[in-house]
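Residue numbers (our numbering): 22 to 439. Report on the following structure.
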Ligand code: S3P
C-alpha cells in the first residue's frame, strides 16, 4: 500500500470546546477560525446557547460576542451534552459558579460516564450537585458564590483540572490543582493568553483570581489525536510519504508520535512555530519496519486518546507491545480496553487485557471480521485504518460515529491510500 499527498486534519477538539467557552465568557467579540465543526463541539455550542450566550452556528470563520463572566442566564431547557465528556465536565465548572441551577443530560454513552470526579472538587468550592445513580448524568448543578480551593487530583485529567479552573475563573477566586502527571494544558495556555495569572509547574497549576477575560481571536490548530490515525496509516504503508500540515504539537499531546518514533517510524516536523500560545507544525510520515514498545504510566496522559490506534498498530509490530497505567480507558466513550482487545481478538489478532492496559503481540496475520464500535469514534477510526491495509477485511459496525470528532475521516482515508 502506498500513501501519498497531504491530509489537513480538522481543528483540535479540546481547543475548539475551550475557544467557544472563553469567547462566550469574554468581554466583546472573539473571532474563531478553523474550529472543529463536529457533533461534540456543536454540543458545547448548544449548551452555551441554552445558557443565553450569543452563539452563532459554527463555521470556518465566525465571531462570538461574549458578555463577560456574569453574562450567562438560567437555562430554560436541559443542557444536552450529547456524546461529549468535555462539554459536560468543563461546563459543570462554569455552571457551578452561576447564581442558578442547570440540569445536564447526555446520550447513552455519556450517561454511563463518571461525573463524581468533577462534582467533588466543585462541591468543595461550595456548589451542590444532584447526581444519578453511580455518579452519572442526568446531573443538576446548583451554582453559588464559590470559595477558593486547593485540590489534589489522584488521576491526571484535563477535564477535571479545567472544570476547577473555569469555576475559579467564573467565581473570581484562587484555585490550585495538583495532578500526578501533567495532563493537556490548553486551558492554562488560553487563560495565560488572556492575561490571567497562571503559574504552572510539573505537578500543579495555580490560578490567581481574575476579574474578566478580554476577547481574543483564536485560530484552532489541527488535532494531533485526529492526525494520529493518518500518522499510523503512513507508518503501516509500504511506500510513500504523507504530509499533515498545521498540527498542534503541544508537548502534553505528542506522546503517540514519540511512541511511534521508538517503534521505528520516521516522523519529520517542518515549519514548526508558535501560534496563539500553541506549538504548531507540519508532519511528514514515512513507513517503517515496526517494532514493539512499552508505554509507561507516566506517558499515558500524553497519548490517552491514541491508545486504541496504538493497539491496532501493534498487531503489525515485531514483538510484544505493553501499555500500563491506562485504567482511565475503561471510562471513555466506551470501555476502550475491553472493546479494543475484544475486537482485535475477534479479528484474529493476539491481544490480552490487563486491568490497566493491554498486551498486543504482533504477527502480521490478516485480520478479518466485523468490529463493534459501541458508538466510539476512536475505535471506528483505529479499525478503519487497519481495514485499509491490503489483506485485511474489516467491517466497522457504525462508521458514522466518527462525526463526533472527525466528520471527513472516511473520505480523507480514501484519498490518502493508493
Ligand atoms: C480532554 C481530556 C481527556 C481526553 C478527552 C479530551 C479535554 O480526558 O481523553 O478526549 O479536552 O480536556 P480526561 O481529562 O478525562 O483524561
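Cβ coordinates follow ideal geometry from the N, Cα and C atoms, glycine included.
Same chain only: Cβ atoms within 7 Å of residue i, ignoring 5 sequence neighbours per side
{"i": "residue 159", "result": "124, 125, 126, 153"}
{"i": "residue 348", "result": "376, 377"}
{"i": "residue 63", "result": "79"}
{"i": "residue 229", "result": "195, 218"}
{"i": "residue 280", "result": "314, 316, 324, 331"}
{"i": "residue 66", "result": "41, 76, 79"}
Sequence-distant residues of the same chain with beta carbon closer than 6 Å to residue i, five excluded per side
{"i": "residue 199", "result": "173, 224, 225"}
{"i": "residue 207", "result": "35, 36, 39"}
{"i": "residue 403", "result": "329, 330, 333"}
{"i": "residue 286", "result": "256, 309"}
{"i": "residue 428", "result": "59"}
{"i": "residue 268", "result": "243, 245, 248, 304"}
{"i": "residue 212", "result": "219"}
Distance, residue j Cα to residue i Cα
{"i": "residue 315", "j": "residue 236", "result": "43 Å"}
{"i": "residue 78", "j": "residue 430", "result": "22 Å"}
{"i": "residue 411", "j": "residue 389", "result": "11 Å"}
{"i": "residue 165", "j": "residue 380", "result": "46 Å"}
{"i": "residue 36", "j": "residue 295", "result": "15 Å"}
{"i": "residue 251", "j": "residue 263", "result": "8 Å"}
{"i": "residue 423", "j": "residue 414", "result": "19 Å"}
{"i": "residue 216", "j": "residue 92", "result": "19 Å"}
{"i": "residue 276", "j": "residue 121", "result": "40 Å"}
{"i": "residue 265", "j": "residue 301", "result": "11 Å"}
{"i": "residue 54", "j": "residue 81", "result": "5 Å"}
{"i": "residue 323", "j": "residue 317", "result": "11 Å"}
{"i": "residue 47", "j": "residue 39", "result": "12 Å"}
{"i": "residue 278", "j": "residue 234", "result": "34 Å"}
{"i": "residue 239", "j": "residue 254", "result": "30 Å"}
{"i": "residue 176", "j": "residue 245", "result": "22 Å"}
{"i": "residue 105", "j": "residue 329", "result": "18 Å"}
{"i": "residue 186", "j": "residue 197", "result": "8 Å"}
{"i": "residue 358", "j": "residue 350", "result": "6 Å"}
{"i": "residue 443", "j": "residue 98", "result": "Since the first and last residues shown for the chain are 22 and 439, residue 443 lies out of range."}
{"i": "residue 426", "j": "residue 249", "result": "13 Å"}
{"i": "residue 103", "j": "residue 292", "result": "37 Å"}
{"i": "residue 45", "j": "residue 203", "result": "27 Å"}
{"i": "residue 339", "j": "residue 210", "result": "39 Å"}
{"i": "residue 405", "j": "residue 171", "result": "43 Å"}
{"i": "residue 128", "j": "residue 396", "result": "11 Å"}
{"i": "residue 282", "j": "residue 290", "result": "12 Å"}
{"i": "residue 188", "j": "residue 115", "result": "5 Å"}
Residues near residue i in its chain [Cβ-Cβ closer than 8 Å; skip 5 each side]
{"i": "residue 259", "result": "22, 23, 308"}
{"i": "residue 10", "result": "This structure cannot settle anything about residue 10, because the visible part of the chain is limited to 22 through 439."}
Presumed contact (8 Å Cβ cut-off) between residue i and residue j, rounded CB distance
{"i": "residue 433", "j": "residue 28", "result": "5 Å"}
{"i": "residue 86", "j": "residue 75", "result": "5 Å"}
{"i": "residue 118", "j": "residue 184", "result": "Actually they are not in contact, since the Cβ atoms of residue 118 and residue 184 sit about 11 Å apart, beyond 8 Å."}
{"i": "residue 409", "j": "residue 438", "result": "5 Å"}
{"i": "residue 393", "j": "residue 371", "result": "That pair is no contact at about 19 Å."}
{"i": "residue 57", "j": "residue 33", "result": "7 Å"}
{"i": "residue 190", "j": "residue 90", "result": "7 Å"}
{"i": "residue 84", "j": "residue 31", "result": "The pair is not a contact, with the Cβ atoms about 20 Å apart (cut-off 8 Å)."}
{"i": "residue 134", "j": "residue 352", "result": "6 Å"}
{"i": "residue 139", "j": "residue 110", "result": "5 Å"}
{"i": "residue 464", "j": "residue 274", "result": "The displayed coordinates of the chain run from 22 to 439. Any statement about residue 464 would go beyond what the structure contains."}
{"i": "residue 354", "j": "residue 132", "result": "Not quite, the Cβ-Cβ distance comes to about 12 Å (not below 8 Å), so this is no contact."}
{"i": "residue 261", "j": "residue 107", "result": "At roughly 34 Å, the Cβ-Cβ gap does not stay under 8 Å, so residue 261 and residue 107 are not in contact."}
{"i": "residue 298", "j": "residue 179", "result": "Contact doesn't hold; Cβ gap of about 15 Å is too wide."}
Any non-hydrogen atom of the ligand ADP within 7 Å of residue i CB
{"i": "residue 325", "result": "In terms of ligand content, the structure shown lacks the ligand ADP and carries the ligand S3P instead."}
Runs of beta strand (DSSP E) wholly within the segment 222-275 (minimum 3 residues, chain order): Whole beta strand (DSSP E) segments, 3+ residues: 225-228, 263-269.
Minimum length 4: unbroken alpha helix (DSSP H) runs contained in the segment 123-179: 137-145, all fully within the segment 123-179.
The segment 130-149 / the segment 360-368 touching (three or more Cβ pairs under 8 Å): Between the segment 130-149 and the segment 360-368 there are fewer than three inter-stretch CB-CB distances shorter than 8 Å, so the stretches are not counted as touching.
Runs of alpha helix (DSSP H) lying entirely within the segment 31-72, each at least 4 residues, in chain order: Within the segment 31-72, the complete alpha helix (DSSP H) runs of at least 4 residues are 34-46, 60-71.
Continuous beta strand (DSSP E) assignments of at least 3 residues falling wholly in the segment 336-385: For the segment 336-385, whole beta strand (DSSP E) runs of length 3 or above, ordered along the chain, are 340-344, 371-375, 378-383.
Continuous beta strand (DSSP E) assignments of at least 3 residues falling wholly in the segment 71-105: With a minimum length of 3 residues, the unbroken runs of beta strand (DSSP E) contained wholly in the segment 71-105 fall at 82-88.
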